[in-house]
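Asker:
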Amino acid sequence: MLRTFVLVCLALTVSCALLAQQPLNPSPAPLTVTLQDALNLARKNSSTYHAAITDAAVAHEDKVQARAALLPGVSYSTQYLYTEGNGEHRNAPSFVANNFVHEYIAQGNGHENINLAGGLISDYRRATAAEALAQARREIANRGLVVTVVQNFYGLIVAQRYYSNAQQAAAESEHFLNLSQKLENGGEVAHSDVVKAQIQYNSTSRDLQEASLAMEKARLDLSVLIFPTFNENFSAVDGLELPEPLPGIEEARTMAARNNPELHAATAALQLARHEAQSAWAAHFPTLTLDVWYGIDSPHFASSMDRVSNLGYSAAATLNVPIFNWGATQSKVKQAELRKRQSEVELSAAQREAIANFRNFYAEAQTARAELNSLRQSAELASDSLRLTNLRYQAGEATALEVVDAQNTLVQAKNAYDQGQSRYRIAVATLQTLTGAF
């Protein structure tokens with residue numbers, strides 16, 4: 062019985078100690094972020110991308126308003142007019158423009174403006190082209206944001222790999238320093254080997270500190286880009302080992318010709334300028350205004366009076382012919398023509414630039430992918446070379462300079478391979494700004 066009581070007390074004591082060691086407010090687990098997660102977050106929080114979305118939405122509403130201007134409008138108005146009576150004729154108004162001393166007007170009005178040169182139609186087409194231009198610019202902003210996220214995301218991945226490589230290099234240099242000191246104590250190597258090993262260890266220690274600083278900077282850059290509030294408690298998923306396939310050049314060229322938003326934007330800008338010129342020319346032509354009214358215009362606010370209906374309709378057609386406005390209309394026409402010529406030049410430049418960019422971007426992606434196998438093989442060979450050089454040094458067949466050179470070569474080869482993988486991913490994202498996703 063006593064033994065059972067003692068065991069229970071010991072169990073309670075251990076449990077209390079464990080509970081006391083646990084923090085009251087444990088920090089949340091770091092958020093795991095993939096590249097797709099980073100893209101989704103950036104689209105939600107990027108002010109530049111949201112500005113492009115807003116511009117596209119505003120352009121769409123402009124088109125809705127331009128379309129509405131083509132259609133007849135209907136309105137309703139109610140008005141009461143009081144006029145002083147005319148002397149002995151108290152029911153006769155004093156003012157010629159008024160019909161009665163008490164006059165009530167309640168009418169619905171159908172109204173339509175028609176430019177005889179199709180000015181409103183040109184305005185609608187101009188709004189349609191402006192919407193297409195805004196949509197193309199939104200796609201440009203989206204693809205540009207993808208490139209920025211890919212650069213920052215894999216920049217963090219590469220920085221983390223650099224840090225890991227620097228840690229391994231520091232461990233290797235420390236091992237070499239200990240080995241050289243041990244061999245010096247045994248009289249097998251000169252003190253100059255220890256000095257060289259110490260210099261190498263100091264260098265790799267500094268490189269480790271720089272790699273840590275670069276990793277933290279890359280983390281902060283990505284955090285600012287994707288999170289709505291400051292947050293550095295996250296981990297990026299390393300996906301560099303799974304490179305995306307690259308389509309054939311003919312397939313990619315076809316996609317670029319069909320999906321290039323820069324060309325779409327330049328084409329839409331030219332269409333916009335052309336419709337602006339047509340709209341400006343239309344101001345030289347007359348405008349026909351049609352109005353139809355239905356309702357009452359009576360001394361009593363009633364639909365009928367003395368069994369006579371007050372309801373009725375009237376219509377008016379007005380032709381407004383522009384004669385002279387000090388050259389303002391012609392000036393607007395000249396402005397529109399200047400913008401149209403500039404748009405034609407910009408479209409031609411965009412077409413040439415698109416061809417050059419496609420060749421450059423595709424060649425960059427193709428070269429980066431072709432170099433991956435070579436870079437990986439170099440890293441593997443450098444690792445094996447360091448292992449063999451260490452064995453030769455221990456056997457007295459290699460110098461300290463050879464060991465240091467093998468260590469530096471390994472770090473450079475690993476970093477080059479990591480950078481090559483990131484370079485290919487960024488090159489693919491850059492190529493997709495022209496072709497779209499593939």
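FYI, the numbering for the sequence shown is 62 to 499, going by the numbering used here.
Idealized CB from N, CA, C, for every residue including glycine.
Go ahead and label Ala417 buried or exposed: buried means 16 or more other beta carbons lie within 10 angstroms of its beta carbon, across all protein chains shown.
Answerer: Label assigned to Ala417: exposed.
Asker: The alpha helix (DSSP H) that contains Asn386, what's its start and end?
Answerer: Run containing Asn386: none; DSSP gives neither H nor E here.
Asker: CA-CA distance, Gln196 and Ala117?
Answerer: Spanning the two alpha carbons is a distance of roughly 5 Å.
Asker: For the pair the segment 162 to 173 and the segment 122 to 140, tell me if three or more CB-CB distances fall below 8 Å.
Answerer: Judged by Cβ distances under 8 Å, the segment 162 to 173 makes contact with the segment 122 to 140, as three or more pairs qualify.
Asker: DSSP on Glu173, reduced to helix/strand/coil?
Answerer: Three-state DSSP puts Glu173 in a strand.
Asker: At 3 residues or longer, what runs of the beta strand (DSSP E) sit wholly inside the segment 279 to 317?
Answerer: Counting only runs of 3 or more, we get 295 to 297.
Asker: In its own chain, which residues sit with a C-beta less than 7 Å from the C-beta of Gln82, not counting the 5 before and 5 after it?
Answerer: Its pLDDT being 49, under 50, Gln82 is placed unreliably by the model, and the measurement read from it follows with that caveat. Closer than 7 Å at the Cβ level, and outside the excluded window around Gln82, lies no residue.
Asker: Does Ser409 pass the burial test, meaning 16 or more other C-beta atoms within 10 Å, or should it be called exposed?
Answerer: By the neighbour-count rule (16 or more Cβ atoms within 10 Å), Ser409 is not buried but exposed.
Asker: So, is the C-beta of Leu333 closer than 7 Å to a C-beta in chain B?
Answerer: No chain B appears in the structure shown, which is made up of a single protein chain.
Asker: Could you tell me if Ala488 is buried or exposed, where buried requires 16 or more neighbouring beta carbons within 10 angstroms of its beta carbon?
Answerer: The residue is buried, with at least 16 neighbouring Cβ atoms inside 10 Å.
Asker: Give a yes or no on whether the C-beta atoms belonging to Ala456 and Asp254 are separated by under 7 Å.
Answerer: Their beta carbons are not under 7 Å apart, which means Ala456 does not touch Asp254 by this criterion.
Asker: Counting pairs of Cβ atoms below 8 Å between the segment 300 to 310 and the segment 341 to 356, do you hit three or more?
Answerer: No, the segment 300 to 310 does not touch the segment 341 to 356.
Asker: Which value, in whole angstroms, describes the spacing of the CA atoms of Ala99 and Met316?
Answerer: Roughly 26 Å separates the two Cα atoms.
Asker: Under the assumption that His236 contacts Glu245 (Cβ atoms under 8 Å), give the Cβ distance between them as a whole number of angstroms.
Answerer: Contact doesn't hold; Cβ gap of about 15 Å is too wide.
Asker: In the DSSP assignment, what residue or residues form a beta bridge with Gln396?
Answerer: For Gln396, which the question treats as bridged, DSSP gives no partner whatsoever.
Asker: Would you list the one or two residues that DSSP bridges to Gly134?
Answerer: For Gly134, which the question treats as bridged, DSSP gives the partners His172.
Asker: Which residue from Glu233, Ile357, Glu432, Gln221 puts its Cα closest to that of Val298?
Answerer: With distances taken between Cα atoms, Val298 lies closest to Gln221.
Asker: Is the Cβ-Cβ distance between Arg186 and Ala113 less than 7 Å?
Answerer: Not in contact: Arg186 and Ala113 (Cβ atoms no closer than 7 Å).
Asker: Taking Ile218 and Leu301 to be in contact with their CB atoms under 8 Å, please state how far apart those CB atoms are, rounded to whole angstroms.
Answerer: Yes, they are in contact, since the Cβ atoms of Ile218 and Leu301 sit about 6 Å apart, within 8 Å.
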